[in-house]
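Chemist: In the numbering used here, the protein residues as written are 3 to 310.
Attaching a single structure in structure tokens format; questions to follow.
Here's what the structure looks like:
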């Protein structure tokens, strides 16, 4: 447990900073339920896959390649079935193929956990004319999730992995007119913008698009030592590896807790377009509560994917 974790208790949900993925799903029987999880190849995705299987759920385990997805499945055990699905979020053809494969499998989805992502690319890079973090983290997931809305069960849930880093976005919030990041790229500004878009996507999806008991929400997993930070400078990763675990870092089981809490727990079944951190509802930034901006991001993304 980190020093910061020693100072943290539990919130209104009965869970908190130190709760693990197994803690928040304790006693659950998820047999008969099916979840699609992206980014299963490592870190939080593998832990989410493991715990869902442990509780009896069927998991469509998505990773960049079938080999990576199968390796993650092979590293986990449990009564729940797991099926590999290849999905490279930065490539629309791969995303559409994943949508087609999930539909072919035919399982109604009780939940989609959009866990995959990349972080803090040191140099501006483009995918299909869009800054790569924004494309991978937001546009790719938009294409995947909207393509599978018809597969959701009547009470299906979409859980988007956002981050407290959404507060570090560019001063404008989302640069709707500059998704190629031509106007002054910064690694953390671009990452923050992509995580803000994840949050706003969940907000608009949950409050405007989905009907009945279907829901969508966004989560902050915490600061965790995973390979998400592989693009950070060597000195930063060395420093985090040396002092982070003792001071502030969550473990991977702690980091996967909030997305599993939101995706599976009875207490979150009616939550719509909210933002969770440490297994409790929390307020995002002012941009994260801007419904007009959420609608604008949705429209901009919808127009973009129609051209891809």
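Glycine is no exception: its CB is placed at the ideal position from the N, C-alpha and C atoms.
Taking DSSP as the reference, what is the three-state secondary structure of residue 302?
Modeler: It is helical.
Chemist: Quick one: using the 10 Å Cβ neighbour count with 16 as the cut-off for buried, is residue 296 buried or exposed?
Modeler: With 16 or more other Cβ atoms within 10 Å, it is buried.
Chemist: Just confirm the distance between the C-beta atoms of residue 109 and residue 60, as a whole number of angstroms; I'd bet it's less than 8 Å.
Modeler: Correct: roughly 7 Å between the Cβ atoms.
Chemist: With three or more beta-carbon pairs closer than 8 Å as the criterion, would you say the segment 175-195 touches the segment 147-162?
Modeler: Taking 8 Å as the limit for Cβ pairs, the verdict is that the segment 147-162 does not touch the segment 175-195.
Chemist: Short of 8 Å in beta carbon distance, which residues of its chain neighbour residue 190, apart from the five on each side in sequence? Order them along the chain.
Modeler: Counting only Cβ-Cβ distances below 8 Å, and skipping sequence neighbours, we find 122, 167 and 170.
Chemist: Assign residue 112 to one of two classes, buried (16 or more other C-beta atoms within 10 Å of its C-beta) or exposed (fewer than that).
Modeler: Per the 10 Å Cβ criterion, buried.
Chemist: Does the Cβ of residue 284 have 16 or more other Cβ atoms within 10 Å, making it buried, or fewer, making it exposed?
Modeler: The residue in question, residue 284, is exposed, as its Cβ has fewer than 16 Cβ neighbours within 10 Å.
Chemist: Would you call the segment 67-80 and the segment 286-293 in contact, with 3 or more CB pairs under 8 Å?
Modeler: Contact fails: fewer than three Cβ-Cβ distances are below 8 Å.
Chemist: Taking the straight line between their C-alpha atoms, what separation do you get for residue 274 and residue 150?
Modeler: If I take the Cα positions, the gap works out to 18 Å.
Chemist: Name the one or two DSSP bridge partners that residue 311 has.
Modeler: Nothing in the structure corresponds to residue 311, since the chain is present only between 3 and 310.
Chemist: Comparing alpha-carbon positions, which option in 216, 82 and 85 lies nearest residue 157?
Modeler: Ranking 216, 82 and 85 by Cα distance to residue 157 puts 216 first.
Chemist: From residue 148 to residue 14, what does the alpha carbon distance come to, in whole angstroms?
Modeler: Between residue 148 and residue 14, the C-alpha separation is close to 32 Å.
Chemist: Taking all protein chains shown into account, decide if residue 68 is buried (16 or more other Cβ within 10 angstroms of its Cβ) or exposed.
Modeler: Residue 68 should be labelled exposed.
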